[in-house]
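For the record, in the sequence shown the residue sitting at position 18 is 18 according to full-length UniProt numbering, with numbers rising by one throughout.
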Amino acid sequence: MNEPAQRIEVASDQDVVRVRQLVRTLAVAVKLSLVDQTKLVTAASELARNTLVYGGGGWVEVAQTDNGRRKGIRIVFSDQGPGIADLDLAFTDGYTSGGGLGLGLSGARRLVDEFDIVTAAGEGTTITVTKWCR
């Protein structure tokens, strides 16, 4: 059973803060551990900032989810930006095109349980992440 998603338009730094706050609120609600809350909020912050900086803005949807065995949080980040031309390079540890927390996509991917990315040059990027209660 999945709850309805809450959607935040990402067009400014303040929107990135709002994404972080919503993710933390829902992570507490599903009873993620403090460590997992911190991991998820950190990943969400990095990915929301990427949506703003590299995607030119977009939207984020955050929802509680339940797979029948455990609860979690699913977050979708989407933009209509230039896309990611070289995913292998973008997932290289330490790679940055500047500005973020320095985690990059590989760091964000390590902080969550599920990570899916769909991107194409000129067509934008959509990243879906999920963090499950232990």
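We put the beta carbon where it would ideally sit given N, CA and C, even for glycine.
Between residue i and residue j, what straight-line distance do the alpha-carbon atoms span, to the nearest angstrom?
i: residue 5; j: residue 85; result: 29 Å
i: residue 33; j: residue 105; result: 23 Å
i: residue 81; j: residue 62; result: 20 Å
i: residue 15; j: residue 45; result: 10 Å
i: residue 72; j: residue 122; result: 32 Å
i: residue 11; j: residue 48; result: 10 Å
i: residue 131; j: residue 7; result: 18 Å
i: residue 127; j: residue 43; result: 11 Å
i: residue 67; j: residue 93; result: 31 Å
i: residue 29; j: residue 36; result: 13 Å
i: residue 50; j: residue 27; result: 21 Å
i: residue 125; j: residue 52; result: 12 Å
i: residue 64; j: residue 23; result: 10 Å
Tell me which residue opens and which closes the beta strand (DSSP E) that residue i is part of.
i: residue 79; result: 71 to 79
i: residue 7; result: 6 to 10
If you run the structure through DSSP and keep just helix, strand and coil, what is residue i?
i: residue 43; result: helix
i: residue 124; result: strand
i: residue 66; result: strand
i: residue 93; result: coil
i: residue 109; result: helix
i: residue 116; result: strand
i: residue 55; result: coil
Assuming residue i contacts residue j (C-beta within less than 8 Å), just tell me the rounded distance between them.
i: residue 58; j: residue 78; result: 5 Å
i: residue 129; j: residue 75; result: 5 Å
i: residue 133; j: residue 31; result: 6 Å
i: residue 108; j: residue 83; result: Incorrect: roughly 17 Å between the Cβ atoms, too far for contact.
Along the chain, where does the alpha helix (DSSP H) that runs through residue i open and close?
i: residue 16; result: 13 to 29
Touching or not, the segment 114 to 124 and the segment 10 to 26, by the rule of three or more beta carbon pairs under 8 Å? no
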